[in-house]
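At the far end of the sequence shown sits residue 2007, using my numbering, and the numbering has no gaps. See below for the structure under consideration.
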Amino acid sequence: MYILFNVIPCVLDEYILQYIYTYDWNNLFRLTAVAVLATIIARWVIAFLKQNWLCLPPGPYGLPIIGCLPWLYRGSHHSWYLKLAKRYGNIFSLRLGNSLVVCISSAHILRDVFNKSDSIGRPKTPLNNLLDGYGIILSEGILWKRQRQFVLDKFRALGVRLWGRQKFEKCIIDEVQEMVTEIAVKEEEPQDPILVLGRHIHNVICQLMMSYRFVDGDPQFQAFNALVTRGMQLFGSVHIGEHLPIYMRLPGKKAVLKEIKENLDKISSFHEAHLIRRVVMRKNSSMDYTPGDLLDYYLQEMYKDIEGGDLQMILEDKENVKQAVQVMNDLFSAGMETLRTAIVWLLLMMIREREVAAKVREEMSKMVEPGQLVTLEHRPQMPYVEAVIFETLRITCIVPLGTEHVNTSDWKVEGYTIPAGTTLIPLINKINMDPEIFPEPEKFNPERFLDNNSLIMPGHFIPFGIGRRICLGEQLARLELFIFFSNLMNNFDWVIPEGDEVPGMEGTYGTIHMPPPFEVIFKKWP
1482 MYILFNVIPC
1492 VLDEYILQYI
1502 YTYDWNNLFR
1512 LTAVAVLATI
1522 IARWVIAFLK
1532 QNWLCLPPGP
1542 YGLPIIGCLP
1552 WLYRGSHHSW
1562 YLKLAKRYGN
1572 IFSLRLGNSL
1582 VVCISSAHIL
1592 RDVFNKSDSI
1602 GRPKTPLNNL
1612 LDGYGIILSE
1622 GILWKRQRQF
1632 VLDKFRALGV
1642 RLWGRQKFEK
1652 CIIDEVQEMV
1662 TEIAVKEEEP
1672 QDPILVLGRH
1682 IHNVICQLMM
1692 SYRFVDGDPQ
1702 FQAFNALVTR
1712 GMQLFGSVHI
1722 GEHLPIYMRL
1732 PGKKAVLKEI
1742 KENLDKISSF
1752 HEAHLIRRVV
1762 MRKNSSMDYT
1772 PGDLLDYYLQ
1782 EMYKDIEGGD
1792 LQMILEDKEN
1802 VKQAVQVMND
1812 LFSAGMETLR
1822 TAIVWLLLMM
1832 IREREVAAKV
1842 REEMSKMVEP
1852 GQLVTLEHRP
1862 QMPYVEAVIF
1872 ETLRITCIVP
1882 LGTEHVNTSD
1892 WKVEGYTIPA
1902 GTTLIPLINK
1912 INMDPEIFPE
1922 PEKFNPERFL
1932 DNNSLIMPGH
1942 FIPFGIGRRI
1952 CLGEQLARLE
1962 LFIFFSNLMN
1972 NFDWVIPEGD
1982 EVPGMEGTYG
1992 TIHMPPPFEV
2002 IFKKWP
């Protein structure tokens, strides 16, 4: 026993120490490096074979581990996708870091894919995970179906009483009239159109959601607007981390992720504060009131789940509160920035396309006097105005890449296999600039949306998305675009200040395609 527990261990210790001292560790490092390299090559070879054996759509193979990320972020990834689409066709695949990605640039294929199956969700990424699957944009399954249907139903219910010719149209008109008055006060002075439009665009969705509006110079709006703008910048700055999670662990990117979380929390706290105030306001009243906005509908729905009838308990149901708040976040983020950007692009296009602007005013002059209020009643008689809006949405392509989806089961599409878990990216910009669909796509031509002086919306024109996850606010957006744009055109002309160059069409790409910064001088029309 002595030999077993004392002598042998001593001999082994001495042997191990001698081995450590005499072993060629450089050789170990070389072997480790070779093993790592072999693993990387093996993964790349497996990916190569999968692309052929699984019958994936064609596409570039990329590099081991990082895939095609170096090419994607060398310049504009939107233009790089366009080049790949021209080379590989309407459906192609590639690897971006850990993600298998399939890009689709055919409205026909997109409609088939996004309509045919319930097995579609959102990618699991570091940024998406911050929202914990709440809201509408990033929720999935039963939660997504219930929330989307709930919002659609309540939009329709609100539409019966508020939209059309009654309160909702009045809500837009009131904002337009106040905006026109504010512009007139600063007539002949250079003005930033983003600042001119921002509060009024926001107020429309704000009143629909919670019957609240910001007043001119409201510091709360300035703070909220700064949060939204900063949030868009932050999301665009770490897009690479969506496909390569290790990227988000780098020291600098950890700080960005933290700031994104803080930004989202501040935006959520604004909406949660309104929810709390509404609960307090309704606490001592009957819940049988007629809802006046979406927040009222949410409170009524949440109240049904409360035992004992204590409205205050709504705030203790953290899951429901988070869901309601995130739905408001989603609707604000989707409705505010994109709509404001669209109208700014319209202003720029009317500077660049003076003949088109003249035709718009010619059509409007048949229905209204200059300076007269344009309402939804005039809309059916102004197809050219709407055609100009459509053509602006097409040529500027405010959302060049549709929202990313992921399939939750294996698919067969156009003869190709798309395995479960693949990220699907609609290339809206490729569709909009396809000469086979839109002849002379670089030319601004509203007539392409007219047939015998009637407005048409061809099936391959999908500015609001496609399929089961199409934009909830499409009709709302179209109403706002028409009323804001037509009233600006009927009250003002605008030019670039003397000495400034007319901005180009390049803009800047992030989450959305933003026009270049510019100022305009508004002049009373005529």
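Ideal placement from N, C-alpha and C gives every residue a C-beta, glycine not left out.
If you follow the alpha helix (DSSP H) that residue i is in, where does it begin and where does it stop?
i	result
P1607	1607-1610
D1697	Here D1697 belongs to no alpha helix (DSSP H), and DSSP marks it neither H nor E.
R1875	1864-1877
H1559	1558-1569
W1552	1550-1553
F1813	1799-1833
D1613	No alpha helix (DSSP H) holds D1613; DSSP gives it neither H nor E.
Output the boundary residues of the beta strand (DSSP E) element that contains residue i.
i	result
S1750	Note, S1750: premise wrong, no beta strand (DSSP E); alpha helix (DSSP H) at 1732-1763.
S1587	Unbroken run through S1587: none, as it is neither H nor E.
I1686	Where I1686 is concerned, there is no enclosing beta strand (DSSP E), although the alpha helix (DSSP H) it sits in stretches over 1674-1691.
Y1897	1897-1899
S1620	Element bounds for S1620: n/a, residue is neither H nor E.
L1575	1572-1577
D1777	Element bounds for D1777: not the beta strand (DSSP E) but the alpha helix (DSSP H), 1775-1784.
W1892	1892-1894
V1880	From DSSP, V1880 is part of no beta strand (DSSP E); its letter is neither H nor E.
V2001	2001-2005
V1887	1886-1888
D1981	Neither: D1981 is in no beta strand (DSSP E) and is coded neither H nor E.
V1976	1973-1976
Give me the Cβ distance between residue i and residue j, rounded to the nearest whole Å; I'm assuming they're in contact under 8 Å.
i	j	result
M1729	P1607	5 Å
A1815	G1616	Not quite, the Cβ-Cβ distance comes to about 10 Å (not below 8 Å), so this is no contact.
L1936	E1867	5 Å
H1994	A1588	Actually they are not in contact, since the Cβ atoms of H1994 and A1588 sit about 19 Å apart, beyond 8 Å.
T1856	I1654	7 Å
Y1779	A1754	That belief does not hold up - the Cβ atoms of Y1779 and A1754 are roughly 15 Å apart, past 8 Å.
P1978	P1732	Actually they are not in contact, since the Cβ atoms of P1978 and P1732 sit about 43 Å apart, beyond 8 Å.
F1716	T1992	6 Å
V1887	Y1865	40 Å between Cβ atoms; not a contact.
R1929	F1945	With 8 Å as the limit, R1929 and F1945 do not qualify as a contact, their Cβ atoms being about 18 Å apart.
Check each candidate in the options and name the one with the smallest Cα separation from residue i.
i	options	result
N1810	L1708, E1923, K1847	L1708
R1592	G1622, I1909, M1914, D1974	I1909
S1580	H1724, N1888, A1958	H1724
D1915	C1536, G1540, Y1542, L1563	L1563
P1674	N1913, N1684, F1999	F1999
R1835	V1983, N1571, L1575, G1570	V1983
G1543	H1559, G1578, K1567, E1621	G1578
N1913	G1883, R1875, P2007	R1875
T1889	I1547, R1603, E1753	R1603
G1712	R1694, D1699, V1737	V1737
G1622	V1802, R1694, S1600	S1600
L1633	L1812, Y1569, K1739, L1612	L1812
W1975	D1981, L1957, I2002	I2002
M1938	P1907, L1857, E1872	E1872
G1548	L1969, E1650, K1635, S1574	S1574
F1973	M1762, L1619, I1832	I1832
P2007	P1978, N1971, V1837	N1971
M1986	F1649, F1595, P1997	P1997
M1817	I1572, K2004, F1649, L1962	L1962
F1625	S1557, H1559, A1638, V1808	Residue 1625 is actually Trp in this sequence, not Phe. With distances taken between Cα atoms, W1625 lies closest to V1808.
K1605	N1968, S1620, V1594, R1763	S1620
R1568	V1582, P1551, S1586	S1586
S1749	R1763, V1802, P1732, R1949	V1802
T1898	V1594, P1551, H1681	V1594
I1757	K1799, D1891, K1924, K1651	K1799
R1627	I1964, R1949, K2005	R1949
S1560	K2004, K2005, Y1990	Y1990
K2004	C1652, P1851, F1945, I1618	P1851
E1917	N1571, R1637, K1785	N1571
Determine, using beta carbons only, whether residue i comes closer than 8 Å to chain D.
i	result
L1563	Of the chains in the structure shown, none is chain D; there is only one protein chain.
Return yes when the C-beta of residue i is under 7 Å from any heavy atom of the ligand NAD, and no when it is not.
i	result
A1815	Looking for the ligand NAD in the displayed structure turns up nothing, as the structure carries no ligands at all.
Next on the checklist: Between the region 1824-1831 and the region 1869-1883, can you find at least three pairs of beta-carbon atoms closer than 8 Å?
Outcome noted: yes
Next on the checklist: Could you tell me which whole alpha helix (DSSP H) segments of length 4 or greater appear in the region 1905-1966?
Outcome noted: 1909-1913
Checklist entry - Should the region 1736-1749 be called in touch with the region 1671-1688, which here means at least 3 C-beta pairs below 8 Å? => result no
Checklist entry - Is there contact between the region 1680-1693 and the region 1771-1784, where contact requires at least three CB pairs shorter than 8 Å? => result yes
Item to check | Segment contact flag, the region 1899-1908 with the region 1920-1934, C-beta cutoff 8 Å, min 3 pairs | outcome: no
Checklist entry - Taking contact to mean at least 3 C-beta pairs separated by less than 8 Å, is the region 1657-1664 in contact with the region 1832-1851? => result no
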